[in-house]
Amino acid sequence: MKKRLLFVNDEMVMGGVARILNNVLRRIDLNAYDVDVLILHPHGELLSELPEGVRLLDSRPFFKGVDVTLNLVLKQGRWLDVLHKLHVLFYMKTGLIHNKIKAERKLMNLDVYDVEIASKEGFCTIFVSNGSSKRKINWIHIDYSARNYATHHMNLMHEALKSIDLNIAVSQKARDAFAELFEVKNIIAIPNLMDIDGLKERALMDCDVAYRKDRVNLVSVGRFHPQKAFDRLIHAMAELRALDLPVDLYLVGDGELKPSCEALSHKLHLTDHIHFLGSKRNPMPYIKQADCFVLPSLYEGYPTTVIESFFAGTPVLACDVSGVYEQIQEGHNGWVVSNSQEALNERLIEVVRNPERLKPMREHLLDYHYDNASIFERFMKAVEGQV
91 MKKRLLFVND
101 EMVMGGVARI
111 LNNVLRRIDL
121 NAYDVDVLIL
131 HPHGELLSEL
141 PEGVRLLDSR
151 PFFKGVDVTL
161 NLVLKQGRWL
171 DVLHKLHVLF
181 YMKTGLIHNK
191 IKAERKLMNL
201 DVYDVEIASK
211 EGFCTIFVSN
221 GSSKRKINWI
231 HIDYSARNYA
241 THHMNLMHEA
251 LKSIDLNIAV
261 SQKARDAFAE
271 LFEVKNIIAI
281 PNLMDIDGLK
291 ERALMDCDVA
301 YRKDRVNLVS
311 VGRFHPQKAF
321 DRLIHAMAEL
331 RALDLPVDLY
341 LVGDGELKPS
351 CEALSHKLHL
361 TDHIHFLGSK
371 RNPMPYIKQA
381 DCFVLPSLYE
391 GYPTTVIESF
401 FAGTPVLACD
411 VSGVYEQIQE
421 GHNGWVVSNS
431 QEALNERLIE
441 VVRNPERLKP
451 MREHLLDYHY
461 DNASIFERFM
471 KAVEGQV
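Each residue of the sequence shown is one higher than the last, beginning at 91 in this note's numbering.
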């Protein structure tokens, strides 16, 4: 008899968590498993990329507020979303959320599954913990030593984690931080599963932007969110241009902070050198054309854009965040610098002044290997309770 799996995520907006979820779903043997997916607030570009054979369950209106912050929806004047968020916050603050989730699960007629997986730690963890599935897994995608998303509901998370059979973190650092903060021992680290064939194929597709050959071309990809710290790249570009260095920056993505970043670029007179390309379903050609990918994030879990860059053949300069030391070999396929504006500026100046150092890195990346098979095997053993 097939085992029944349920994956629970809050949304499917373009980003690492949703991509990784889809990567895992594509590889699961549907002859051995029946797979259901519940997206609590069903929206986002990657919702349409759920693989065939996976059943998407209907959610409930109550959960529309789980994936946004109150400050954001107030700022944007999204008054219906404000009401949804306040509704969720009321239940969270009063501790009534457990009863509310159980009631909503009953209305959704959620079955008892062999394994239920919270695809993102946080509200999804609380949701899964209040179900009756036989085995429950919590998937952790962020370094909680750098940013604690559970600050305002620590008691709820502690209570939820009592019902979790296994926690899976995407890097060693993320594992250690979560284990220390929540005092859990049932936790392991498994890196993100990638769509390797898809990445290679998408990297060969045409790019609709022609990068200038007489400049060092930098690229970064992600949401315009405080975590991604694109403003640091813009300030770095100001210093590079003050030194009259030939450099362009291409930013791929969208989000709440894009207008302020565009305004900062204009204020610093960088509009001829910083190019805002917007959200791209396939960012790989833009990464492949660049000389260097830059990761300026304040914190991460296991940044998949580093792996994507390697498959595009592009070296990476990353600020020190969780997961980068597990991917980057210093001086071989990239660099890791201290997580500060000064360190980022200093290394970027060195890279742009010495672009010839990027060539041997590109050559090394021709033989880049990522052990997807082993990662998926470990993940499925975790699902089966064999770790």
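Cβ atoms here follow ideal geometry from the backbone N, Cα and C, with glycine treated the same way. Just so it is clear, the structure is predicted and the values come from calculations on it, not from any experiment.
Note that the C-beta distance between residue 229 and residue 252 is not below 9 Å. Assignment of residue 212 by DSSP, reduced to helix, strand and coil, places it in the coil class. Nearest in C-alpha terms to residue 300, of all of 261, 376, 474, is 376. Fewer than three pairs of CB atoms, one per stretch, sit closer than 8 Å, so the stretch 262-277 makes no contact with the stretch 94-101. Taking the Cβ atoms as the reference, residue 360 lies roughly 6 Å from residue 328, within the contact range of under 8 Å.
The C-beta distance from residue 438 to residue 407 rounds to 7 Å, short enough to fall under 8 Å. In terms of CA proximity to residue 382, 307 leads the group 307, 283, 231. Distances from the CA of residue 249 to each of 213, 264, 410 were compared; the closest alpha carbon is that of 213.
Residue 392 carries a coil assignment under DSSP once its states are collapsed to helix, strand and coil.
For residue 234, the secondary structure class from DSSP, reduced to helix, strand or coil, is coil.
Spatial neighbours of residue 468 in its own chain (CB-CB distance under 6 Å, excluding positions within 5 residues in sequence) are listed in chain order as 280. Residue 118: not part of any beta strand (DSSP E); DSSP gives it neither H nor E. For residue 116 and residue 92, the gap between their C-alpha atoms comes out near 17 Å. Of the other Cβ atoms in all chains shown, fewer than 16 fall within 10 Å of the Cβ of residue 350; this residue is therefore exposed.
Cβ-Cβ separation between residue 277 and residue 265: approximately 6 Å, consistent with a contact (criterion under 8 Å). If the five residues before and after residue 163 are omitted, its C-beta is found closer than 7 Å to the C-beta atoms of 171, 172, 175, all from its own chain and listed in chain order. Looking at the backbone, the Cα of residue 418 and that of residue 395 are separated by about 12 Å. Distance between residue 462 and residue 330, taken at the CA atoms: about 38 Å.
In the structure shown, residue 357 falls within a helical segment according to DSSP collapsed to helix, strand and coil.
Straight-line spacing of the CA atoms in residue 165 and residue 353 works out to 18 Å.
Taking 4 residues as the shortest admissible run, the stretch 154-200 contains the following complete alpha helix (DSSP H) segments, listed from N- to C-terminal end: 160-165, 169-184, 187-197. By the CB criterion at 9 Å, residue 232 and residue 218 fall outside the cutoff. Within the model, the alpha-carbon separation for residue 363 versus residue 442 is close to 14 Å. For residue 464, the enclosing alpha helix (DSSP H) begins and ends at 462-474.
A contact is defined here as three or more CB-CB pairs under 8 Å, and the stretch 284-302 fails this definition with respect to the stretch 315-327. When DSSP states are grouped into helix, strand and coil, residue 340 belongs to the strand group. In the DSSP assignment, residue 286 falls within the alpha helix (DSSP H) that extends over 286-293. Counting only unbroken stretches of 3 or more residues, the beta strand (DSSP E) elements lying wholly within the stretch 396-432 are 406-409, 424-427, in sequence order. Under the three-state reduction of DSSP output, residue 273 falls in the coil class, being neither helix nor strand. Within the same chain, 127, 207, 209 come within 6 Å of residue 97 by CB-CB distance, once the 5 residues on both sides are set aside. In the three-state scheme derived from DSSP, where H, G and I count as helix and E and B as strand, residue 206 is classed as strand.
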